[in-house]
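S.K.: Please see the structure below; I have some questions.
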Amino acid sequence: MKMSEEQDVEKLSKEVKTLRKTLNELMTSFELVSRLAENYLKLMNIYAQYGGLGIDVVVPQIRHDSIAREIVRILFDLKSANISQITQELKKRRGKASRNTVREKIHHLTYLNVVEEVDGEKGKAYALKKEVLNKWFDLIGIPIKFDQTE
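4 is the number of the first residue of the sequence shown in this note's numbering; add one for each residue after it.
Next comes the structure, spelled out in structure tokens:
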């Protein structure tokens, strides 16, 4: 083989490697776009089926309980809160709230395995159960899983 032919073969080999790398990157990008499109279609289907994408899709037992739904949203936003904090936030969002009603709803949500008691800054607090959060993130297509051992 002549020197020029060897250089041509080496040049072609480099180009093939570059093309393979580019093709692999494109395939990875296409897989990501495909998953996003799949998740989007799944969300649209859920929206069409249930008329919304609220947490009550994951916890259907609270679908007709607007206060319980709002408490779940509050705990989703605040991560954890005690009865007073939940009541205060509920009052901001709905205009009125009672500590007794919040306590009653929290006990009901605990019974439904939606909420759990956790240690808060000022003693007893409540948070959404990790299983509920995992179901919610799975539903909306976000690949986040909360460690069950925290």
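Using N, Cα and C, we set each Cβ at its ideal position, and we do this for glycine too.
1) So which of THR21, VAL121 and THR31 has the shortest CA-CA distance to LEU78?
2) For LYS127, collect the residues of the same chain with a Cβ closer than 7 Å to its Cβ; drop the 5 residues on either side in sequence, then sort them by chain order.
3) Leaving out five residues on either side along the sequence, give the residues of the same chain with a beta carbon under 7 Å from the beta carbon of VAL135.
4) So, with DSSP's three-state summary, where would you put LYS127?
5) Express the C-alpha separation of ASP141 and GLU73 in angstroms, rounding to a whole number.
6) My understanding is that THR113 touches ARG102, with C-beta atoms under 8 Å, so please give their C-beta distance in whole angstroms.
7) To the nearest angstrom, how far is it from the Cα of ASN48 to the Cα of ASP59?
8) Taking all protein chains shown into account, do 16 or more other C-beta atoms lie within 10 angstroms of the C-beta of LEU39, making it buried, or fewer, making it exposed?
M.R.: With the given structure in hand:
1) VAL121
2) Cβ within range, chain order: ASN85 and GLU120.
3) VAL61, VAL62 and VAL117
4) strand
5) 21 Å
6) No, THR113 and ARG102 are not in contact; Cβ-Cβ is about 16 Å, not under 8 Å.
7) Approximately 16 Å between the Cα atoms of the pair.
8) exposed
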